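Visitor: Protein chains in written order, with the working numbering: chain A, 1 to 250; chain B, 251 to 500.
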DNA sequence: GCGGCCTCTTCCGTTGAGCGGAAGGCAACC
DNA sequence: GGTTGCCTTCCGCTCAACGGAAGAGGCCGC
């Protein structure tokens, strides 16, 4: 039977194939892709073949598909990811060298924090963040900063939705989160002690854009046994440095 | 008139739209995209709309399109880019901290070196490389390493093609390049003094994969006034560290 | 060694998603 | 007000896309 029964476009289908990959499944067979997308095997075969020919996907000798370099090459032109990272890297490196802890740079995408950069020292506390990965706004340092300076609609939507509990310390009460966000705006920093992981404390600050909005958040993550105070000046300075590099008038 | 006169598929067209963006043109109007792809305005409008809806493209209030975060998020799952970078980062950071010079990690893609990571110090010599960017194999340190260990077909193809001259020092003679590659294999390092830029000297070493092949190259780039010798041990050690992290048996 | 199962590839008749020119709205400029 | 250029919407036409069927090949259990 010709043409998509659901009326779905070819472009949409091709993109859904790409979106099937995840941090947990970085390599998939043709059958995997068909099952996960719900597309007929023949259709998947044709679409996957086109994506592989162009370089969006790569197929190895065992028939496993992975996201291809060509896609990454194009995606690396995204101003809000690699572009932002390029501007921020000197300051992230400075902060890393001064502390040898985990350093993060994240942007808000919808109702989540999307990590565009992460530098972790060998001996830094283990954290779950991943470049290209997403984490919730309410339970991370960078997330709290991004949420505090987001439009009110975004804040209301996040607080209206379920606030997932990750540890005993996670803030899951909307009124409490509202107070926390007010404090973030007052101090222009966010401290997140064990909200996402029991053993990790995060100190974050906003990165301002040229239009006076907050375009990213920068943070350091240390063991929860550490006091946050000593890290505040360095994190704030790094964030301000990135802001200036982006053309913000502080 | 229905359907592509050239018989080109929808997927191919959509990918070509994405491929229109470049380091020189990170933001384009709808008309730009139509002109650059050669597609009719209506067709471009439809395809671009779909890409934007999904997040592969982002449109600002002025009607300028950019590569979207969603595409980068998917592309960040590419093992040969961000995956490789994750494994390599501790060693790249070590090399950077020890020298505060430019540190590169690149892979071979076709007949070019594609840069998956770059860490540059504030005072490091200025270099033209860019994360997500490509540079020629014969005129860069990482490129010489990647070429030296590539299949013979790749080597022959590169040497059969024009070897573009960038500086007076660029190796453009196939016999000379062949000798240089033999030297790279003998010493397991590549030294590239002023081949691409007059004022930059590069020292590179191979990164081995678990299958005993060279999967990437790592390098440091310093001012041409520096002697390469003192950097060799650190570059080699960093490359071996990355190799082990990738499961190579050295 | 053989049958069963699964993956992947190729074929091909059918048809509606995709095609793009035309028309028009809108904004900027003179 | 007229001109220019960009973007959006419409819509008649048609072939690229559709996916079931058939088959090749590999793996595994008996």
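Think of the CB as a built atom: it goes at the ideal place given N, C-alpha and C, for glycine as much as any other residue. Just so we're clear, the structure is a prediction, and the values are computed from it rather than from any experiment.
Identify the residues that DSSP records as bridge partners of residue 307 of chain B: which are they?
Guide: DSSP, once it has assigned bridges, lists B/317 as partnering residue 307 of chain B.
Visitor: Just how far apart, CA to CA, sit residue 209 of chain A and residue 243 of chain A?
Guide: So the alpha carbons of these two residues sit roughly 6 angstroms apart.
Visitor: According to DSSP, simplified to helix, strand and coil, what is residue 358 of chain B?
Guide: Correct three-state label for residue 358 of chain B: strand.
Visitor: Can you give the Cα-Cα distance for residue 445 of chain B and residue 476 of chain B, rounded to whole angstroms?
Guide: Answer to the nearest angstrom: the Cα atoms are 15 angstroms apart.
Visitor: What does the alpha-carbon distance come out to for the pair residue 420 of chain B and residue 382 of chain B?
Guide: C-alpha separation (whole angstroms): 23 angstroms.
Visitor: Below 7 angstroms between beta carbons is the criterion; list the residues of the stretch 311-331 of chain B that meet it against any residue of chain A, in chain order.
Guide: So the list reads 316, 317, 318, 319, 321, 322, 323, 324, 325, 326, 327, 328, 329, 330 and 331, given in the order they occur along the chain.
Visitor: I'd like to know if the stretch 460-469 of chain B and the stretch 352-364 of chain B are in contact, where contact means that at least 3 CB-CB pairs between them fall below 8 angstroms.
Guide: Cβ pair count under 8 angstroms is three or more, so yes.
Visitor: Out of A/95, A/39, A/19 and A/32, which has the shortest C-alpha to C-alpha gap to residue 5 of chain A?
Guide: Taking only the C-alpha atoms, the option nearest residue 5 of chain A is A/39.
Visitor: What is the DSSP secondary structure of residue 427 of chain B, reduced to helix, strand or coil?
Guide: DSSP places residue 427 of chain B in helix when its eight states are reduced to three.
Visitor: Under 8 angstroms: do the stretch 379-397 of chain B and the stretch 356-363 of chain B share three or more Cβ pairs, one atom per stretch?
Guide: With the cut-off at 8 angstroms, the stretch 379-397 of chain B and the stretch 356-363 of chain B touch.
Visitor: Who does residue 468 of chain B pair with in a DSSP beta bridge?
Guide: According to DSSP, which records beta bridges pairwise, residue 468 of chain B is partnered with B/355 and B/455.
Visitor: When the cut-off is 8 angstroms and only beta carbons count, does residue 458 of chain B lie next to chain A?
Guide: Judged by the 8 angstroms Cβ criterion, residue 458 of chain B is not in contact with chain A.
Visitor: On the DSSP bridge assignment, give the partners of residue 28 of chain A in chain order.
Guide: Note: residue 28 of chain A sits in a beta bridge opposite A/65.
Visitor: Using a beta-carbon distance cut-off of less than 7 angstroms, what residues from the stretch 366-378 of chain B approach chain A?
Guide: So the list reads 369 and 372, given in the order they occur along the chain.
Visitor: Can you have a look at residue 71 of chain A and say buried or exposed, based on whether 16 or more other CB atoms are within 10 angstroms of its CB?
Guide: Per the 10 Å Cβ criterion, buried.
Visitor: Give the range of the beta strand (DSSP E) segment to which residue 192 of chain A is assigned.
Guide: It spans 190-193 - the beta strand (DSSP E) in which residue 192 of chain A sits, taken as one unbroken run.
Visitor: Would a check of beta-carbon distances place residue 260 of chain B closer than 8 angstroms to chain A?
Guide: Yes, contact with chain A.
Visitor: With the cut-off set at 8 angstroms, would you say residue 51 of chain A and residue 14 of chain A are in Cβ contact?
Guide: Cβ distance < 8 angstroms, so residue 51 of chain A and residue 14 of chain A count as in contact.
Visitor: Buried or exposed, going by whether 16 or more other CB atoms sit within 10 Å of the CB of residue 23 of chain A?
Guide: Classification for residue 23 of chain A: exposed.
Visitor: Could you give the DSSP three-state label for residue 336 of chain B: helix, strand or coil?
Guide: Residue state, collapsed to three classes: helix.
Visitor: If we count the other Cβ atoms within 10 Å of its Cβ and call it buried at 16 or more, is residue 323 of chain B buried or exposed?
Guide: Looking at its Cβ environment, which holds 16 or more other Cβ atoms inside 10 Å, residue 323 of chain B is buried.
Visitor: Select from the stretch 130-150 of chain A all residues with a C-beta closer than 7 angstroms to any C-beta belonging to chain B, and list them in chain order.
Guide: From the stretch 130-150 of chain A, only 131 and 132 have a Cβ closer than 7 angstroms to chain B.
Visitor: Counting beta carbon pairs with one atom in the stretch 76-86 of chain A and one in the stretch 51-60 of chain A, are three or more of them shorter than 8 angstroms?
Guide: The stretch 51-60 of chain A is not in contact with the stretch 76-86 of chain A.
Visitor: At the level of alpha carbons, what is the spacing between residue 183 of chain A and residue 206 of chain A?
Guide: The straight-line gap from Cα to Cα measures roughly 13 angstroms.
Visitor: Can you give me the C-alpha to C-alpha distance between residue 66 of chain A and residue 29 of chain A, rounded to a whole angstrom?
Guide: Whole-angstrom Cα-Cα distance: 9 angstroms.
Visitor: If we define contact as Cβ-Cβ less than 8 angstroms, is residue 15 of chain A a contact residue for chain B?
Guide: With 8 angstroms as the cut-off, residue 15 of chain A counts as an interface residue toward chain B.
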